[in-house]
Amino acid sequence: MNEPLHNLRTVWWDSGPMLIDQTLLPATLVSVRCTTLDDVVRAIRTMQVRGAPAIGVTAAYGMALAAKLSRADVAASLLDDLQRAKVALDAARPTAINLAWATRRVLQVAERASELAIDQLRERILAEAEAIRDEDEAMCRAIGRHGADLLTEHRNILTHCNAGGLATAAYGTALAPIRTAHERGQLLHVFVDETRPFLQGARLTAWELQTIGIPLTLITDSMAGHFMQQGAVDCIIVGADRIAANGDVANKIGTYTLAVLAQAHQIPFYVAAPTSTIDLATPDGEHIPIEQRSAEEITHLGGVAIAPAGVSAAHPAFDVTPQQLVTAIITERGVIYPPFQASLRSMVEAAEQGR
Ligand code: MRU
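Position one of the sequence shown corresponds to residue 22 (this note's numbering), numbered consecutively onward.
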């Protein structure tokens, strides 16, 4: 096992936001520095950084960068600049709620601390962004502990997209229970969906699991049903970009198909996510905005056309899995089972009170 890679940080602060450029993985592992707010917005939009918790942490650092670069010399002007930064960051990607959750949290802290001297206020804003990063890693490790307890009877696990360390501050959400079970000595094998069109499974999840030393088999998305029919899959674990108040789950396109297949084959379908992904303001999945990405990500692969020029292509980047298809939701505060609504509410309230 390669220890430095195993404990890889995805996003961090070094005089400004730093992040691993995930568009270049697995061929090249390089970090990029964001020196302007536009750099941060672009990194999120172009998916140099991606995964709901990771873009939340990045956006929090984006707010700290906006505060650092602001020329304001009174709190009111700094808060105006932060409000503008929040609007720009929130617009970078619409589906993952962690982004707006993080920018709102930083802004609220700044508003509450507005009596501080301006430089202390800037420090307070950065401290909150650092707290969001640190808490995210701690939440992922707690998800790992709760989720691993569910996996003791399972050996072959299927996952979709990348909900590993790269999608969070560190350690991952859907991969966290797998990693913890592996660290406890359990023998596991993971089916990794390649996850068309951005190939987060093939490029990122396969790379992470291989680096950690967890056995995996890479499959195309369309093979998942076949392996379930063969009895080769014991359970499915995915992450989430937003969980509505009723338990409906938005996650990477293709997740809904897996949930339907899981139900057809009576395989548990688990969702792993921190409470920062639960959005009580969105009543159900119908109200979750689904990001539509460019058709070129479908018609081209690695810059090479794989479809006739001019063909029409659709690219919803996420889909919604109705809560009835979800066996359990694994959070940092424990595992919850249907009906989800009341448990989700009390988890979010407890998380807010705990801060
Ligand atoms: O478009 P992406 O790569 O940002 O989508 C990521 C996912 O859908 C993940 O499954 C989700 O964010 C959970 S990550 C811990």
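Where a beta carbon is used, it is the ideal one built from N, C-alpha and C, also for glycine.
Check, Outcome
"A283 Cβ short of 7 Å to the ligand MRU heavy atom set", "no"
"Whole-Å CB distance - L103 paired with L128, under 8 Å assumed", "5 Å"
"Distance between M368 and R354 (C-alpha atoms, nearest Å)", "7 Å"
"Rounded straight-line distance, which links the Cα of N119 to that of E373", "14 Å"
"A112 to S297 span [Cα, whole Å]", "18 Å"
"When I357, G72, C55, A265 are compared against D305, the one with the closest alpha-carbon", "A265"
"Through-space distance from L230 to L187, alpha-carbon basis", "11 Å"
"Cβ-heavy atom distance, M68 to the ligand MRU, below 7 Å", "yes"
"Best match in D255, P38, L225 for proximity to D59 [C-alpha to C-alpha]", "P38"
"C-beta contact flag for G185 and L172 at 8 Å", "no"
"Contacting residues, own chain, Cβ-Cβ under 8 Å from T238 (five flanking each side not counted)", "H210, V211, F212, V213"
"Supposed close pair E318, F219 - CB separation, criterion 8 Å", "6 Å"
"T276 and T342 closer than 8 Å at C-beta", "yes"
"Buried or exposed by the 16-neighbour rule on C-beta atoms within 10 Å, applied to S98", "exposed"
"Distance cut-off 7 Å: P218 Cβ against heavy atoms of the ligand MRU", "no"
"Span separating the alpha-carbon of A182 from that of Q221", "The sequence given here places Cys at residue 182; Ala does not occur at that position. Those two C-alpha atoms are separated by around 5 Å."
"Cut-off 6 Å between Cβ atoms - residues of its own chain near W34, not counting five sequence neighbours on either side", "Y82"
"Alpha-carbon spacing of T352 relative to A261, whole angstroms", "11 Å"
"Range covered by the beta strand (DSSP E) that runs through M39", "38 to 41"
"Where the beta strand (DSSP E) through H210 begins and ends", "210 to 214"
"Alpha helix (DSSP H) runs wholly inside the segment 43 to 84, at least 4 long, in chain order", "58 to 66"
"Residue span of the beta strand (DSSP E) that contains A349, given as start and end", "349 to 352"
"Bridge partner(s) assigned by DSSP for P337", "Q313"
"Straight-line gap, I288 to T116 (C-alpha atoms, nearest Å)", "27 Å"
"Among A334, G323, I299, the one whose alpha carbon lies nearest that of S315", "A334"
"H175 (DSSP reduced to helix, strand or coil)", "coil"
"DSSP bridge partner residues for D300 (one or two, in chain order)", "A265"
"Closest residue to N272 among T320, P360, I164, I311 (Cα-Cα distance)", "I311"
"Ordered list of alpha helix (DSSP H) runs contained in the segment 181 to 245, each at least 4 residues", "196 to 204, 227 to 233"
"8 Å contact criterion, which T194 and A294 should meet: CB distance rounded", "6 Å"
"For L346 and Q284, the rounded distance between their alpha carbons", "7 Å"
"Sub-8 Å separation of E149 and A190 beta-carbons", "no"
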